[in-house]
Amino acid sequence: MIVELDVFSGRPNPRWRLDDEARTTFHRLMAGLGPAAAPAATPPGLGYRGFVVEDGDQTYRIFGGLVATGDSVLADSARTLERWLLAGLPERYEALRPTVIRTMADG
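Mapping of the sequence shown onto numbering that gives the first Met the number 0: residues 0 to 106, in sequence order.
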């Protein structure tokens, strides 16, 4: 399972691998989500645009309290997945944390 912090334009985004325990936690958190009442919003063109998680052939875009998974959109109004992924941000990307927190607070 690969996590990408979608934050840069014009250079590669930070990416890291989740271990099996984190993968299990991710899917447990996903199981607690329900359908969203609205379609997923399009992330901004610049700056923090959420997380993209790849798990085999499934891709999840997590941004703004919503989780887009192919044709479905799930509600995560407490931003549980987004906050959990941010909490697991590898130390080498720690300088990006304030940018993400600031954007999450604004949105």
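All C-beta atoms, glycine included, are put in the ideal place defined by N, C-alpha and C. The structure displayed is predicted, hence computed values, not measured ones.
Original post:
Taking all protein chains shown into account, do 16 or more other C-beta atoms lie within 10 angstroms of the C-beta of Glu93, making it buried, or fewer, making it exposed?
Top reply: In the sequence shown, counting from the first residue as 1, residue 93 sits at position 94. Taking every protein chain shown into account, the CB of Glu93 has fewer than 16 other CB atoms within 10 angstroms, so this residue is exposed.
Subject >> Glu81, buried or exposed, once every other Cβ within 10 Å from all chains shown has been counted against 16 >> reply: Start at 1 with the first residue of the sequence shown, and residue 81 comes out as number 82. Within 10 angstroms of the beta-carbon of Glu81 lie 16 or more other beta-carbons, which makes it buried.
Subject >> Val99 - DSSP class collapsed to helix/strand/coil >> reply: Sequence index remark: in the sequence shown, residue 99 carries index 100 (1-based). Secondary structure of Val99 (DSSP, three-state): helix.
Original post:
Can you give the Cα-Cα distance for Arg91 and Glu20, rounded to whole angstroms?
Top reply: One-based indexing of the sequence shown puts residue 91 at position 92. One-based indexing of the sequence shown puts residue 20 at position 21. Taking the Cα positions, Arg91 is about 21 Å away from Glu20.
Original post:
Is the region 56 to 70 close to the region 7 to 24, with three or more CB pairs under 8 Å?
Top reply: For the pair of segments examined, the region 56 to 70 was found not to touch the region 7 to 24: the number of CB pairs separated by less than 8 Å stays below three.
Subject >> Identity of the residue in Gly46, Ala30, Pro34, Arg10 nearest Val99 by Cα >> reply: Counting from 1 along the sequence shown, the entry for residue 99 is found at position 100. Checked all of Gly46, Ala30, Pro34, Arg10; the closest Cα to Val99 is Gly46.
Subject >> Distance between Arg101 and Ile61 (C-alpha atoms, nearest Å) >> reply: Taking the first residue of the sequence shown as 1, we reach residue 61 at position 62. Taking the first residue of the sequence shown as 1, we reach residue 101 at position 102. For Ile61 and Arg101, the distance between alpha carbons rounds to 16 Å.
Subject >> Three-state class that DSSP yields for Tyr111 in the structure shown >> reply: Residue numbering for the chain in the displayed model covers 0 to 106; residue 111 lies beyond these limits and cannot be assessed.
Subject >> Delimiting residues of the beta strand (DSSP E) encompassing Asp54 >> reply: The residue given as residue 54 occupies position 55 in the sequence shown. Per DSSP, the unbroken beta strand (DSSP E) holding Asp54 starts and ends at 50 to 54.
**OP:** Determine the burial state of Gly64: buried for a count of at least 16 other Cβ atoms within 10 Å of its Cβ, exposed for fewer.
**Re:** Taking the first residue of the sequence shown as position 1, residue 64 is located at position 65. Here Gly64 is buried, its C-beta having at least 16 other C-beta atoms within 10 Å.
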